[in-house]
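The structure under discussion appears below in the form of structure tokens.
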Amino acid sequence: MSRPETSRRHHAVRAAALAVGFVVLYVAGVVAPWGQRVDELAFNVLTGAGAPLRHVAGVAREVLVLGLGVVVAVLAVRALRDRRWPALAASLALAAAAALAFVLRGAVLPRPVHDVLLGYPYNTFPSTHVAATAALALVLVALWPSRGSVGPVVVREAALAAVVLACVVNVVTFAHRPFDVLGSLLLVGAVASAVAAVSPGALSPAVDGKFTPVAALRPRRPA
């Protein structure tokens with residue numbers, strides 16, 4: 001088996017495993033009474049611990065998505081100029097993961113009412129906010145050039161930090177339960193792995209010249 005075929009297979013297996021994990025988490029953590037109690041207990045502990053930072057967390061929750069969206073929009077302009085169609089198609093698929101989270105939460109996945117002690121008495125699984133942040137973070141990594149003033153390793157670390165922060169602030173601000181944010185990560189991870197299985201390398205950083213946001217918006221000189 002060739003290396004690309006092996007890579008596709010690994011990504012496909014990972015996508016299936018993450019999708020199964022998403023379903024298991026929903027059944028065990030949202031549908032089952034004991035799972036709801038565990039989720040509520042963790043929710044109570046985390047919201048209590050984060051109470052002093054709740055106002056800052058609320059601001060960060062909105063700024064994260066907005067900031068990532070602006071940077072990704074600039075990178076998308078550069079990708080369009082460079083005709084990076086596979087990366088752009090992969091980015092659209094990842095963006096669809098956030099839309100999928102919205103549909104699943106609002107129209108597909110019910111939340112049985114058992115003994116609701118804390119949180120909302122309706123379904124909030126998965127978190128669309130975390131799904132959007134995670135998807136944008138992956139798109140950021142995929143569209144970021146490999147050579148530039150900020151290297152891809154730093155960008156990956158920053159993207160990971162943004163996703164972790166999004167998970168924390170969404171729980172601390174009472175917006176979502178812990179299982180909601182975990183479900184979002186599993187969902188986006190499954191979609192990203194499926195994209196990588198279909199188009200290996202589409203989510204890898206571009207290999208081109210030095211990048212700055214201003215350069216991305218600057219018209220190219222005719223060849």
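Counted from 1, the sequence shown has number 175 at position 175 by the working numbering; the numbering is strictly sequential. Positions of the beta carbon are idealized from the N, C-alpha and C atoms, including for glycine. Keep in mind that this is a model prediction, so the values were computed, not measured.
- Separation of Val164 and Leu41 (C-alpha to C-alpha, rounded to the nearest whole angstrom) is 20 Å.
- Contact between the segment 88-107 and the segment 188-196 is present: three or more C-beta pairs spanning the two stretches fall below 8 Å.
- Here Thr133 carries a helix assignment [DSSP, helix/strand/coil].
- Per DSSP, the unbroken alpha helix (DSSP H) holding Val63 starts and ends at Arg54 to Arg81.
- Here Ala49 is exposed. Its C-beta has fewer than 16 other C-beta atoms within 10 Å.
- Segment contact: the segment 8-24 against the segment 144-161, fewer than three CB-CB distances shorter than 8 Å; contact not assigned.
- With respect to the 9 Å criterion, Thr128 and Arg177 are not classified as neighbours on the basis of their beta carbons.
- The segment 128-143 and the segment 64-83 touch, with no fewer than 3 CB-CB distances between them shorter than 8 Å.
- In the structure shown, the three-state DSSP call for Asn44 is helix.
- Counted as a single uninterrupted DSSP element, the alpha helix (DSSP H) harbouring Leu94 occupies residues Trp85 to Val103.
- 9 Å or more divides the Cβ of Ala134 from the Cβ of Arg8.
- Ser199 and Ala12 have their C-alpha atoms roughly 11 Å apart.
- Following the DSSP letters along the chain, one finds Phe174 in no alpha helix (DSSP H), marked with neither H nor E.
- Straight-line measurement puts the Cα of Ala60 at about 28 Å from the Cα of Ser193.
- In terms of CA proximity to Arg37, Pro112 leads the group Val103, Val71 and Pro112.
- At least 9 Å separates the beta-carbon of Ala166 from that of Val155.
- Around Ala28, the same chain offers Gly35 as residues with beta carbons nearer than 7 Å, after the five sequence neighbours per side are excluded.
- The distance from the Cβ of Pro110 to that of Ser184 is about 18 Å, inconsistent with a contact at the 8 Å cut-off.
- Judged by their CB atoms, Val171 and Thr47 are nearer to each other than the 9 Å cut-off.
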